[in-house]
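Asker:
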Amino acid sequence: MISARGYAAQNAKSPLAPFQFERREPGARDVQIEILFCGVCHSDLHQARNEWGGSLYPMVPGHEIVGRVVRVGAEVQKFKAGDLAGVGCMVDSCRTCGSCKEGLEQYCEAGSTLTYNAKERDGQTLTQGGYSDAIVVDEAFVLKIPANLDLAGAAPLLCAGITTYSPLRHWKVKPGQRIGVVGLGGLGHMGVKLARAMGAQVVVFSHTDRKKQDALRLGAHEVVVSSNPDEMAAQAGRFDFILDTVSAQHDINAYLNLLRRDGTVVLVGAPEKPLPVNAFSLLAGRKGLFGSGIGGIQETQEMLDFCAQHGIVSDIELIPIQQINEAYERLLKGDVKYRFVIDMKSLR
Ligand code: NAP
Ligand code: ZN
Ligand code: ZN
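Residue 141 in UniProt numbering sits at position 141 of the sequence shown, with consecutive numbering throughout.
#1: Would you decide whether S314 is buried or exposed? Buried here means 16 or more other CB atoms lie within 10 Å of its CB.
#2: Terminal residues of the continuous beta strand (DSSP E) containing T245?
#3: Which runs of the beta strand (DSSP E) fall wholly inside the stretch 114 to 173 and span at least 3 residues, in chain order?
#4: Determine the DSSP secondary structure at L36, reduced to helix, strand or coil.
#5: With a cut-off of 8 Å on the beta carbons, I'd call L258 and R238 a contact; round off their distance for me.
#6: Please identify the residue among K101, I2, I242 and Q249 whose C-alpha is closest to the C-alpha of E34.
#7: Does DSSP put L258 in a helix, a strand or coil?
#8: At which residue ranges does the stretch 50 to 115 contain complete beta strand (DSSP E) runs of 3 or more residues, listed in the order of the chain?
#9: Consider the C-beta atom of C38 and the heavy atoms of ligand 2; say whether any pair is separated by less than 7 Å.
#10: Please tell me whether, using a cut-off of 7 Å, the distance from the CB of F96 to the nearest non-hydrogen atom of ligand 3 is below it.
#11: Is DSSP giving Q298 helix, strand or coil here?
#12: Got a sec: does ligand 1 put a non-hydrogen atom nearer than 7 Å to the Cβ of S14?
#13: Using three-state DSSP, classify V341 as helix, strand or coil.
#14: T96 to L289, Cα distance in whole Å?
#15: For Q77, count neighbouring Cβ atoms within 10 angstroms of its own Cβ and tell me buried if that reaches 16, exposed if not.
#16: Is the beta carbon of I252 less than 8 Å from the beta carbon of L275?
#17: Looking only at C-alpha atoms, which of H63, G62, P61 and K80 sits nearest to residue 349?
#18: Considering only heavy atoms of ligand 4, does any lie closer than 7 Å to the CB of E109?
#19: Only counting runs of 3 or more residues, tell me where the beta strand (DSSP E) segments fall wholly within the stretch 4 to 36, in order along the chain.
#20: Specify whether the stretch 158 to 174 and the stretch 318 to 326 touch according to this definition: at least 3 beta carbon pairs, one from each stretch, less than 8 Å apart.
#21: Could you please give me the residues that DSSP links to P175 through a beta bridge?
#22: Should L283 be labelled buried (16 or more other beta-carbon atoms within 10 Å of its own) or exposed?
#23: What residue range does the beta strand (DSSP E) around Q201 cover?
#24: What is the DSSP secondary structure of E317, reduced to helix, strand or coil?
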């Protein structure tokens, strides 16, 4: 076994604290990665604090992982020691169902194996995430990190990047379309950069006026303060597509009202409690409300290559792992520009 160090939550109420644990020795198709950087996703906080229910402890969160390959199994073909590598939200899936065969492992019909807060396919071993110094993953779930991307800034692409890229592609956002991004956090700011690179007219909806200048700098054409009824009314009926990344309770009907006929709101944010929907918000104008979860492995690689081509990485604040609990509190206050990334040097 490989001895690993990290930070873990022991239960829903305990702060994250140093934790020693074991990873498996790399098997024939496994890649062992020395983790250099790991992004801090709001999903880490939701799960560490059991806001979605069913959390498994001890839990080492983290699914925006980049690092360097230190060792590979005998049958590994894509990687060799010294390569840069990334791991996102999944480390395995059944690989035989229809979704897996289509490259949609995130929708694996037998359930994909999440990077942490899950059990390996043996149904017993807990998976542990990227707030740690090492990880061992089957090469089929390891991504290649393009060399021209800043490594720390690339980490958040593994979740925030793919989670926003996938719906923009699936709903075929294209040049000239006017699209909305709700919530300028880790996901939202990536949504803005990616949609802009795809040629869309991007309107950011932020619940305060504090992020206006940043939103424009990040690539938005317009910013709407969603708590201002006049600003919202001026947007009614003007959108084909709105990506909602909000992590907390909010009125989803307010955004359905901004759609044109046949327009679509896609939820990627995952608030703790249900969001009530008025029937009339949907049926007046034949509008659609969809959800989207992360992205498949092939599409994640496509997104990384797209980012390399367009020079896109996340805007980050680099923190030592010792500041993770403080970072969670700041995340809850929206006080992050625009993703915390843990420098794993701080663990060594
Ligand atoms: P984040 O950085 O904390 O950003 C969330 C944003 O939501 C905030 O920046 C804020 O934007 C807005 N917001 C927060 N509280 C609000 C409130 N009370 N009212 C209105 N707006 C509020 O979080 P993140 O890491 O981007 O994650 C966002 C959500 O996506 C989380 O729920 C996360 O679990 C989920 N997620 C889902 C997937 C998936 O596969 N679907 C993947 C990753 C994450 P403004 O200040 O601009 O309003
Ligand atoms: Zn995430
Ligand atoms: Zn499957």
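All C-beta atoms, glycine included, are put in the ideal place defined by N, C-alpha and C.
Predicted model only: the values in this text are computed from it and were never measured.
Answerer: Taking the structure as given:
#1: By one-based count along the sequence shown, residue 314 stands at place 314. The residue is buried, with at least 16 neighbouring Cβ atoms inside 10 Å.
#2: Walking along the sequence shown from the start, residue 245 turns up at place 245. Note, T245: premise wrong, no beta strand (DSSP E); not H, not E.
#3: 134 to 138
#4: Taking the sequence shown and counting its residues from 1, one reaches residue 36 at position 36. If DSSP states are grouped into helix, strand and coil, L36 belongs with the strands.
#5: The residue given as residue 258 occupies position 258 in the sequence shown. The residue given as residue 238 occupies position 238 in the sequence shown. Contact flag correct, Cβ pair sits at about 6 Å.
#6: Counting from one through the sequence shown, the residue named residue 34 turns up at place 34. The residue with the shortest Cα to Cα distance from E34 is I2.
#7: Working through the sequence shown from its first residue, we reach residue 258 at position 258. Reduced to three states, the DSSP call for L258 is coil.
#8: 65 to 72, 84 to 87 and 90 to 92
#9: Residue mapping note: residue 38 aligns to position 38 of the sequence shown, counting from 1. No, ligand 2 has no heavy atom inside 7 Å of this Cβ.
#10: Counting from one through the sequence shown, the residue named residue 96 turns up at place 96. Reading off the sequence, residue 96 comes out as Thr, not Phe. Yes - ligand 3 has a heavy atom lying nearer than 7 Å to the Cβ of T96.
#11: On the sequence shown, residue 298 is found 298 positions in, with the first residue counted as 1. Helix.
#12: In the sequence shown, residue 14 corresponds to position 14, counting from 1. Outside the cutoff, so no.
#13: For this step, residue 341 is matched to residue 341 along the sequence shown. Note: V341 maps to strand in three-state DSSP.
#14: In the sequence shown, residue 96 corresponds to position 96, counting from 1. In the sequence shown, residue 289 corresponds to position 289, counting from 1. One C-alpha to the other measures close to 29 Å.
#15: Within the sequence shown, numbered from 1, the residue matching residue 77 stands at position 77. Classification of Q77: exposed, given that the 10 Å Cβ count is below 16.
#16: For this step, residue 252 is matched to residue 252 along the sequence shown. For this step, residue 275 is matched to residue 275 along the sequence shown. Contact: yes.
#17: Examination of residue 349 is not possible in this model, given that the chain is present from 1 through 348 alone.
#18: Ligands in the displayed structure: ligand 1, ligand 2 and ligand 3; ligand 4 is not one of them.
#19: 17 to 23
#20: no
#21: To locate residue 175, count along the sequence shown from 1; it is residue 175. Bridge partners of P175: none, in fact.
#22: Along the sequence shown, read from residue 1 onward, the residue named residue 283 stands at position 283. The residue is exposed, with fewer than 16 neighbouring Cβ atoms inside 10 Å.
#23: Counted from its first residue, the sequence shown places residue 201 at position 201. Looking at the DSSP string, the run of the beta strand (DSSP E) that includes Q201 is Q201 to S206.
#24: By one-based count along the sequence shown, residue 317 stands at place 317. In the structure shown, E317 sits in a strand (DSSP, three-state: E or B).
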